[in-house]
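Going by the working numbering, the sequence shown opens with residue -13, and the numbers climb by one from there.
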Amino acid sequence: MRIFLILMLFCAPALALEHPGSEEFVQRAVSEHGLPENEVRVLLAEAEYKQSIIDAISRPAEGKPWHEYRPIFLTSKRINEGIDFWIENRELIAAVSEQFGVDEEIIVAIIGVETFYGRITGSYRTIDALVTLGFYYPKNLSSDRSPFFSKELMHYIQLAAEEDLPANKVTGSYAGAMGMGQFMPSSYREYSVDFDADGRRDLWRSTADVVGSVANYLHRHGWQPGKPITRRALASADAAFDKISSHDFRPTLTVAEWAEQGFRSSSELSPALPAAVLKLAEEDTNTYWLTFKNFYVITRYNRSPRYAMAVYELSQEIKKGMDQL
Ligand SMILES: [Ca+2]
C-alpha cells in the first residue's frame, strides 16, 4: 500500500504535465467537438515532445533542388516494386480506376512515393507527432504551421473515436501522416473509403481501402482521366520568366498564351488547354514544364511541385514497364 502511494505521487506530476496551449485545446475539444474531457487529457498527457520530429520538420526532403530530390524517388527498385504492386493488385486497381476516374499508374506511383507500396509507413507515434508540431512548432521556420497541426490533432482524436483506433499507439510519419497513402487525419476523415466494404476504413492493412482512398482523394480534387499532366516546355531567351510561380500551379493561361509569353510546348497540344509553367533546377541548368490541371491535383496531395513531378515521372516509368510485360 505504501509503495503504491509513493508510486502514485511519482506518477501524478507526470500526468499533470501540460503542453503549452493544451488547456485551451482541451476546452475546445469539449465545447466545439463534444469529446470526452478526461480521455483527451489522458491522451495529451501521454504524448511526448520529440526533438527528432522538430529536427525532421526543419529539413524536409521537399526543400532539396530537383536534381537532388529526383534520385530519391526515381530508382529502379521503386519502379520494379511498382510493377509488382500493380500486377499483384491488377483487378483492384482497374476497378478503382474505373469507379473514380483516375489513371491507374498515378494511384500506384503515389503509393510508391509515399510509402514504397506500403512497406514504410512511419514509426513515429502519431499523437507525439501532432502534439510536438501543434504545441512546439519551431519559431525559426518561415511560417508558423502550429495552427494547422493543432487542427490535425483535433481531427486525429475524432478520427480515432470514429474508426476505433488506439490513439496512443497509431504510428506514421513525423508530420502525422498515416497508412499506406500517408493521409493526414483530416484527409482520412474526409476522403478515405471502405472499398472492401468490411465496415472499416483501414489505411494500414486493407490495400483495397488504400487504393480506393487515394483515387477518391484525386477524384474529389478534380482529376481528369486520361488528360495530360505535364509536358516539357522550350523557353525562349526573352520568355516571361517573372510570370512563373514557385508554389501555385493552378492553370491560369492557355497553352497558346504561354507560347506568346515565350514558353512553347515540346509536343503537340491543344492551344486552348489551360496550363501553368514550372521551373526545375537541374545540376547546371533549368528546365521548364507546362503543367496542367492534373498536375495541380497532385499538388493537392503534397504542395511541392517536385513531389508532383516525381509522382508523374515514376508513374510513366511504371507504366512503361507494364506495357513491356
Ligand atoms: Ca475496409
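Backbone N, C-alpha and C fix where the C-beta goes; we use that ideal spot for every residue, glycine too.
It should be emphasised that the depicted structure is a prediction, and the values quoted were computed from it without experimental measurement.
Excluding sequence positions up to five away, which residues of its chain have a Cβ less than 8 Å from the Cβ of residue i?
i           : result
residue 285 : 235, 291, 293, 294
residue 166 : 97, 100, 101, 103, 104, 107, 189, 190, 193, 196
residue 29  : 113, 143, 153, 154
residue -8  : Low confidence applies here, because residue -8 scores a pLDDT of 47, under 50, leaving its location unreliable and the question unanswered by this model.
residue 307 : 65, 66, 68, 69
Please list the terminal residues of the continuous beta strand (DSSP E) segment that includes residue i.
i           : result
residue 265 : 260 to 267
residue 216 : 216 to 221
residue 38  : No beta strand (DSSP E) holds residue 38; the alpha helix (DSSP H) holding it covers 37 to 44.
residue 236 : Unbroken run through residue 236: none, as it is neither H nor E.
residue 251 : 249 to 251
With a threshold of 6 Å on Cβ separation, who are the neighbours of residue i within its own chain once the five nearest residues in sequence on each side are excluded?
i           : result
residue 82  : 197, 198, 201
residue 96  : 200, 297
residue 90  : 79, 83
residue 203 : 177
residue 35  : 118, 122
residue 314 : With the chain covering -13 to 311 only, the question about residue 314 has no answer from this structure.
residue 314 : Residue numbering for the chain in the displayed model covers -13 to 311; residue 314 lies beyond these limits and cannot be assessed.
residue 92  : 301
residue 52  : 266, 267, 292
residue 16  : 23
residue 116 : 135, 138, 139, 142, 162
residue 67  : 103
residue 146 : 153
residue 283 : 204, 207, 208, 209
residue 214 : 278
In or out: residue i buried (at least 16 other Cβ within 10 Å) or exposed?
i           : result
residue 233 : exposed
residue 7   : exposed
residue 63  : exposed
residue 279 : buried
residue 185 : exposed
residue 305 : buried
residue 49  : exposed
residue 73  : exposed
residue 101 : buried
residue 112 : buried
residue 19  : exposed
residue 268 : exposed
residue 75  : buried
residue 2   : Here residue 2 scores only 48 on pLDDT, less than 50, and its place in the model should not be relied on; the value that follows carries that caveat. By the 10 Å Cβ count, residue 2 comes out exposed.
residue 320 : Outside the modelled stretch of the chain, which goes from -13 to 311, sits residue 320, for which no answer is possible.
residue 4   : exposed
residue 33  : buried
residue 303 : buried
residue 44  : exposed
residue 270 : exposed
residue 321 : There is no way to answer for residue 321, as the model of the chain reaches only from -13 to 311.
residue 173 : buried
residue 130 : exposed
Within the continuous alpha helix (DSSP H) that includes residue i, where are the two ends?
i           : result
residue 272 : Counting along the chain, residue 272 falls outside any alpha helix (DSSP H), though it belongs to the beta strand (DSSP E) covering 272 to 277.
residue 121 : 112 to 121
residue 83  : 76 to 86
residue 14  : 8 to 19
residue 301 : 291 to 309
residue 134 : 132 to 149
residue 129 : Note, residue 129: premise wrong, no alpha helix (DSSP H); not H, not E.
residue 55  : 52 to 59
residue 95  : 90 to 101
residue 198 : 193 to 206
residue 177 : 171 to 177
residue 26  : 23 to 32
residue 241 : 241 to 246
Enumerate in chain order the residues of its own chain whose CB-to-CB distance from residue i is below 7 Å, with the five nearest sequence positions on each side excluded.
i           : result
residue -2  : The predicted model places residue -2 with a pLDDT of 44, which falls under 50 and marks its position as unreliable; any figure quoted below should be read in that light. Within the same chain, residue -2 has no close Cβ partners at all.
residue 87  : 205, 209, 211
residue 70  : none
residue 59  : 99, 296, 300
residue 182 : 192, 194, 195
residue 120 : 132, 135, 136, 139
residue 157 : 108, 109, 110, 111, 112
residue 42  : 160
residue 276 : 216, 217, 219, 241, 244, 249, 251, 261, 263
residue 179 : 187, 195, 198, 199, 202
residue 312 : With the chain represented from -13 up to 311, any question about residue 312 goes unanswered, as that position is not in the structure.
residue 272 : 265, 266
residue -12 : Low confidence applies here, because residue -12 scores a pLDDT of 48, under 50, leaving its location unreliable; read the following figure in that light. Counting only Cβ-Cβ distances below 7 Å, and skipping sequence neighbours, we find nothing.
Problem - Contact the segment 100 to 113 vs the segment 214 to 230: 3+ CB pairs below 8 Å - result: no
Exercise for the section: Specify whether the segment 248 to 255 and the segment 26 to 40 touch according to this definition: at least 3 beta carbon pairs, one from each stretch, less than 8 Å apart. Expected result: no
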